[in-house]
Amino acid sequence: MRNPFRQTLGSLNENFVGRDYEINAIKKLIQGLSRDNLDPKALICYGPQGYGKTTLLGYVAKHSDRFCKELVLDSPIKTVRATPDVCDIASLYEIITGESALVEEITQDKTDAGVNVGIAKFGSEGALTRVYDSSVKNYLELFKTVSAKNPILLCIDEAHTMSSDQMRRMLLSIQGCTERDIPVSVVLAGTPKLQPLIRSCGATFAERYKRMTIGPLDNRYARALLVEPFEKQGMNLPEARVKEALDNCHNYPFFLQAYGHSIWEHCIEQGTLIERDSMWQRAKDEFNETKNRMYGERYGEFRKEQVLYSAYVIAEIFKINEVPSHVYLADYLREKGVPDPDEAIEKLDELGYIWNPEKPWAYEQGIPSLMDFVGNTFEQELSQSQPRSKD
Ligand SMILES: Nc1ncnc2c1ncn2[C@@H]1O[C@H](COP(=O)(O)OP(=O)(O)OP(=O)(O)O)[C@@H](O)[C@H]1O
Ligand SMILES: [Mg+2]
């Protein structure tokens, strides 16, 4: 019996749950690609790591034909997934059409006027000139060309890693699609860093695009994620175990998958769920190991980005205030000796430690209970760095 739970980030799994609101928002975007109802635009979705952005895009790509049927579209759309590293014109053309935009490769750098060229150095062989289809010079022309057959829903994951210039060109071309009735809409998904990136790239009209946050699952879906894969095999998790697992997972999909995975590995014998404490303890230990490994990586990242002390102070603040405002955080950090609190807050927001899913000024915890880990580990570190007495 194959373990149905997936710990790998972004992996598509059979036990996808919830996200009704987000799926509906994407369905509306799809509906706006119908020729008699054309309204191409962008949808911006963001959330801290591990909440399921990649998984959601994978689910949408897999089910977009079904969505088109449900929406009774005049012509089926083509859903394409990409990441910023393949968002140059030639690669994107290839991903969308399945054909190469490369017309010719020549070794001398003589090229006709009016064609797109790319030059790559090839060791001792000298310069290699790549000649691309001349009709595709920018995103707008690319979108016009590739959508001639079918409307396109382009889903760009990790969009927060785009350069400011690339993001600006992408947003401008989406606006161009709206103005010229070119049936291409784009979902931009990434961590909360996506917001400041869009703000800073100077495409002010992008503020009008719909934004949605990808946060914790609803209670019933968190429970379903954990319980249903067992039920499908005729196994019922004891309620006390379910409660314990849910209390530890905070409706965070990455933890739920990891906990389910460990239970499946350690508590099933010959297709039967065994109620023995030692086995459940092993599952719990393995889950805690996975969780602490992830926390350890984040902790190292905070140190590298020089915001570890700020992260520690913020963990202290959240013990007394669960939704502190930006001003509250900044004042507290300044009082505790952080020289540039605004910069620290911004960086910790970008790193998924804190974020503001509801109100733009009110912060909430990003990755669940990471603050407890940061608080405890930092204090442990401090106690070890203090000089020992001689006796
Ligand atoms: N709706 C869901 N149903 C079931 N499992 C989910 C769901 N969303 C996410 N998961 C699981 O949670 C884990 C994290 O998901 P994913 O990698 O998509 O997060 P992410 O937001 O893209 O993270 P990152 O910002 O690090 O790329 C994966 O193991 C995935 O299978
Ligand atoms: Mg992802």
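For the sequence shown, this note's numbering assigns the number 418 to the last residue and increments by one with no breaks. A virtual CB, placed ideally from N, CA and C, is assigned to each residue, including glycine.
Residue j beta carbon less than 8 Å from that of residue i
i    : j    : result
I183 : C276 : no
M194 : I225 : yes
A285 : T317 : yes
F94  : I71  : no
I116 : V214 : no
N348 : Y355 : yes
T205 : P67  : yes
A69  : S212 : yes
L119 : L180 : no
P351 : L360 : no
P178 : P210 : yes
Member of the options whose CA lies at the smallest distance from the CA of residue i
i    : options                : result
L244 : V87, S412, L253, M194  : L253
I381 : P111, R238, S337, D358 : S337
Y400 : Y48, I341, G364        : In the sequence under discussion, the amino acid at residue 400 is Phe, which differs from the Tyr named in the question. Residue I341 is the option with its Cα nearest to F400.
G74  : L378, L409, N403       : L378
Y326 : I179, K55, E406        : E406
M239 : N246, T218, P256       : T218
Y248 : N42, E328, Q297        : N42
M220 : G287, P395, T172, A186 : The question names Met, but residue 220 is Lys in the sequence shown. It is A186 whose Cα lies nearest to the Cα of K220.
V365 : D274, L335, T404       : L335
Q76  : L375, E408, G402, F314 : L375
With 16 other Cβ atoms within 10 Å as the buried cut-off, status of residue i
i    : result
D418 : With a pLDDT of 49 at D418, under the threshold of 50, the modelled position of this residue cannot be trusted; read the value that follows with caution. The residue in question, D418, is exposed, as its Cβ has fewer than 16 Cβ neighbours within 10 Å.
S91  : buried
G45  : buried
R235 : exposed
M321 : buried
S410 : exposed
N278 : buried
S412 : exposed
R303 : exposed
T299 : exposed
K105 : buried
E362 : exposed
In the segment 339-364, which residue ranges form an unbroken alpha helix (DSSP H) of at least 4 residues, counting only runs that do not cross its ends?
Counting only runs of 4 or more, we get 353-362.
For the segment 56-64 and the segment 226-234, state whether three or more C-beta atom pairs, one from each stretch, are separated by less than 8 Å.
The segment 56-64, when compared against the segment 226-234, does not touch it at the 8 Å Cβ threshold.
Complete runs of the alpha helix (DSSP H) confined to the segment 80-128 [at least 4 residues]
Listed in chain order, the complete alpha helix (DSSP H) runs (minimum 4 residues) inside the segment 80-128 are 80-97, 116-124.
Count the CB pairs spanning the segment 76-93 and the segment 161-176 that are closer than 8 Å, and state whether there are at least three.
As far as the Cβ criterion goes, the segment 76-93 does not touch the segment 161-176, which means the pair count is below three.
Any contact of the segment 258-278 with the segment 93-104, i.e. 3+ C-beta pairs under 8 Å?
Because the criterion of three Cβ pairs below 8 Å is not met, the segment 258-278 and the segment 93-104 do not touch.
Inside the segment 221-276 only - beta strand (DSSP E) runs reaching at least 3 residues:
Within the segment 221-276, the complete beta strand (DSSP E) runs of at least 3 residues are 237-240.
In chain order, what are the residue ranges of uninterrupted alpha helix (DSSP H) at least 4 long that sit wholly in the segment 388-416?
Runs found: 397-412.
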